[in-house]
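Undergrad: Mapping the sequence shown onto my numbering, position 149 (from 1) lands on 236, and the numbers just tick up by one. Input: one structure, supplied below.
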Amino acid sequence: MKKFLALIWVIVLVIIDQYTKFLAKTNLENQDSIAIIKGVFELHYLENTGAAFGMLQDQILLFVIITIITILMILYLYSRIPYEKHFTPLRYILIFIIAGAIGNCIDRVVNRYVVDFLYFKLIDFPIFNVADCYVSISAVLLIILFLFHYKEEDLEFLNLKKVDKHE
Numbered sequence: 088m089k090k091f092l093a094l095i096w097v098i099v100l101v102i103i104d105q106y107t108k109f110l111a112k113t114n115l116e117n118q119d120s121i122a123i124i125k126g127v128f129e130l131h132y133l134e135n136t137g138a139a140f141g142m143l144q145d146q147i148l149l150f151v152i153i154t155i156i157t158i159l160m161i162l163y164l165y166s167r168i169p170y171e172k173h174f175t176p177l178r179y180i181l182i183f184i185i186a187g188a189i190g191n192c193i194d195r196v197v198n199r200y201v202v203d204f205l206y207f208k209l210i211d212f213p214i215f216n217v218a219d220c221y222v223s224i225s226a227v228l229l230i231i232l233f234l235f236h237y238k239e240e241d242l243e244f245l246n247l248k249k250v251d252k253h254e
């Protein structure tokens with residue numbers, strides 16, 4: 088039942104991502120940017136055929152393969168996490184990362200590009216989308232969790248064995 092709820096969360100998050108991209112394509116394509124906060128934040132339509140910051144343009148097959156491998160690794164990790172309240176934040180973070188990966192992968196397969204539309208003009212940050220937010224924010228939270236919340240013994244479910252350099 089808990090795995091089913093995780094799947095439902097992933098589906099809902101992917102639908103939200105895809106809907107925002109649909110709205111962006113429908114309302115922003117072939118238009119000037121729309122200032123939400125003048126000089127700070129804009130909606131600006133962009134078709135990105137690359138990865139983050141426009142790297143690796145037109146490498147769709149590579150992105151799809153990397154996405155599938157990443158999702159499989161995360162699903163394996165997710166399946167090993169104990170069903171304890173202590174690990175709930177980790178579970179949610181992995182759900183968001185999977186949803187973000189799927190959301191952008193759908194764009195790459197269907198459109199051959201990813202729809203980006205969120206732009207922080209104040210710092211000239213590269214244009215991004217909701218799926219990117221899922222992945223980026225989750226990655227930061229994951230780092231924070233591992234630095235400040237989880238201890239080494241909490242991660243025994245991973246079966247990571249230390250190699251004693253003195254043996």
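Just so it is clear, CB atoms sit at the ideal spot from N, CA and C, and this is done for glycine as well.
DSSP state of N114, grouped into three classes?
TA: Stepping through the sequence shown from its first residue, residue 114 is reached at position 27. N114: helix per DSSP, three-state reduction.
Undergrad: Return the CA-CA distance between I168 and I153, expressed in angstroms with no decimal places.
TA: On the sequence shown, position 81 is the one that residue 168 refers to. On the sequence shown, position 66 is the one that residue 153 refers to. Rounded to whole angstroms, I168 to I153 spans 23 Å at the Cα level.
Undergrad: Where do the N-terminal and C-terminal ends of the alpha helix (DSSP H) with F150 fall, by residue?
TA: Here residue 150 corresponds to residue number 63 of the sequence shown, with the count starting at 1. Looking at the DSSP string, the run of the alpha helix (DSSP H) that includes F150 is 147-167.
Undergrad: With distances taken Cα to Cα, identify the nearest neighbour of K125 among I210, F235, N216, L242.
TA: Here residue 125 is taken as the residue at index 38 of the sequence shown, counted from 1. K125 has its Cα closest to that of I210, out of I210, F235, N216, L242.
Undergrad: Keeping to the same chain, check which residues put their C-beta closer than 6 Å to that of L228; ignore five residues upstream and five downstream.
TA: Residue mapping note: residue 228 aligns to position 141 of the sequence shown, counting from 1. These residues qualify, in order along the chain: I180.
Undergrad: For D203, which residues from the same chain have a beta carbon less than 6 Å from its beta carbon, with the 5 sequence-adjacent residues on both sides left out?
TA: Working through the sequence shown from its first residue, we reach residue 203 at position 116. The residues are L133, N135, I214, F215, N216.
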